[in-house]
Ligand code: UDP
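In this note's numbering, the protein residues as written are 5 to 377.
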């Protein structure tokens, strides 16, 4: 029989941050994960000397110095700056939307020329308060950028029309009138040298961790799969909140992603870590060439084509679909969660929020403060 202060369900960034902080405060944790590895969706795996982002591109970026310093305890970050390219039919553009994009699209040179074109395109719509992603994109960037770089990509990624998606999704992307291809506006950015898995390994150092362990089986039987009986005072649950409550109010919607990964016998396939394919007709959303996250010079390369799909049981959930309908449903689960005395819900799936990694760590540290201070 093993006894713990906390059962942490999910060995991703949220769970690992919480467990690390709990241990520092003298608490005992058992961390379980139903996958066969730790690190959740930030998991990276070395193949032919290249750290492969197995669950998609993860670029750490934040404007919060405290969070940057916090993750810096566990890894050294390189100076990678995300500057994705976008392919639309036979045209190639820089992202995010900036003077390089506009200059290529319209053959212009100055910010005034670009603003003039965008203002004229915007005037065709007269949108005061954007109600959805399409209106937000049109009022931000005009018709050409919307049609070539946003519409098809978004529809592929979310499986929904841009008119049926919340505006905030596109607000994540900077729009600037400078020649600046940095995808993020954040002060700090980089990739942990040696991969993300090492960060989570360090966080979980000295903590009991069991992979291939299903929470719902444990809850039912009180035993781990090897037969060990386990007791715990409190639970931190970072899985899907609706699954925890057996979807009693109905299922929340998530998007999933599938990767087709292959090793190619060339040292450089696309010349960039991330290339987005923004036309609807190309079935994948982007191709990741993993070595470029760490400026790799290996003789071969590994690429992943990313295909987006609706989540269904049996595949990994990635993105909560935060439209009005799902947010309202989530509120019901959140109210139920408050009544569930000894359980904390955290992370992208537990809080049903489209969190970036820095926000996950910040939310976990908030949760720690609430729990222990
Ligand atoms: N987006 C787009 N075209 C692009 C890249 C992004 O329209 O080439 C939009 C799309 O709606 C996407 C959102 O911007 O869902 C956020 O993109 P981001 O790259 O931040 O998404 P993530 O990396 O989290 O999948």
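Where a beta carbon is used, it is the ideal one built from N, C-alpha and C, also for glycine.
For residue 284, count neighbouring Cβ atoms within 10 angstroms of its own Cβ and tell me buried if that reaches 16, exposed if not.
exposed
Tell me whether residue 128 sits in a helix, a strand or coil according to DSSP, three-state version.
coil
What does the Cβ neighbour count give for residue 188, buried or exposed, with the cut at 16 atoms within 10 Å?
buried
So does the region 199 to 216 actually touch the region 138 to 145, counting three or more Cβ pairs closer than 8 angstroms?
no
Going by the CB atoms, is the gap between residue 194 and residue 81 shorter than 8 angstroms?
Between residue 81 and residue 194, the CB-CB gap stays under 8 angstroms.
Within the structure, which residues are defined as neighbours of the ligand UDP by a Cβ-heavy atom distance below 6 angstroms, reported in chain order?
90, 99, 153, 154, 157, 158, 161, 173, 174, 176, 177, 280, 282
Across which residues does DSSP place residue 36 in a beta bridge pair?
Residue 36 pairs with 13, 214.
When we look at the beta-carbon of residue 128 and count the other beta-carbons within 10 Å, is it buried (16 or more) or exposed?
exposed
So if DSSP puts residue 90 in a beta bridge, which residue, or which two residues, is it bridged to?
97, 280
If we ignore side chains and look at the alpha-carbon of each, how far apart do residue 171 and residue 326 end up?
10 angstroms
Rank 59, 30, 20 by C-alpha distance to the C-alpha of residue 264 and give the top, closest one.
59
For residue 104, I'd like the list of residues in its chain whose CB is within less than 7 angstroms of its CB, leaving aside the five on either flank, ordered along the chain.
Contacts found: 98, 183, 185.
Among 251, 7, 114, which has the Cα closest to the Cα of residue 317?
251
Tell me, to the nearest whole angstrom, how far the beta carbon of residue 296 is from that of residue 280; I am working on the premise that it is less than 8 angstroms.
Incorrect: roughly 14 angstroms between the Cβ atoms, too far for contact.
Assess contact between the region 357 to 374 and the region 65 to 83, defined as three or more Cβ pairs (one per stretch) separated by less than 8 angstroms. Is contact present?
yes
Between residue 295 and chain C, is any beta-carbon pair separated by less than 8 angstroms?
This model lacks chain C altogether, as it is built from one protein chain only.
Write down the C-beta distance between residue 157 and residue 282 rounded to the nearest angstrom, noting that I regard them as a contact closer than 8 angstroms.
Yes, they are in contact, since the Cβ atoms of residue 157 and residue 282 sit about 4 angstroms apart, within 8 angstroms.
To the nearest angstrom, how far is the alpha carbon of residue 131 from that of residue 214?
Cα to Cα, the separation comes out at about 52 angstroms.
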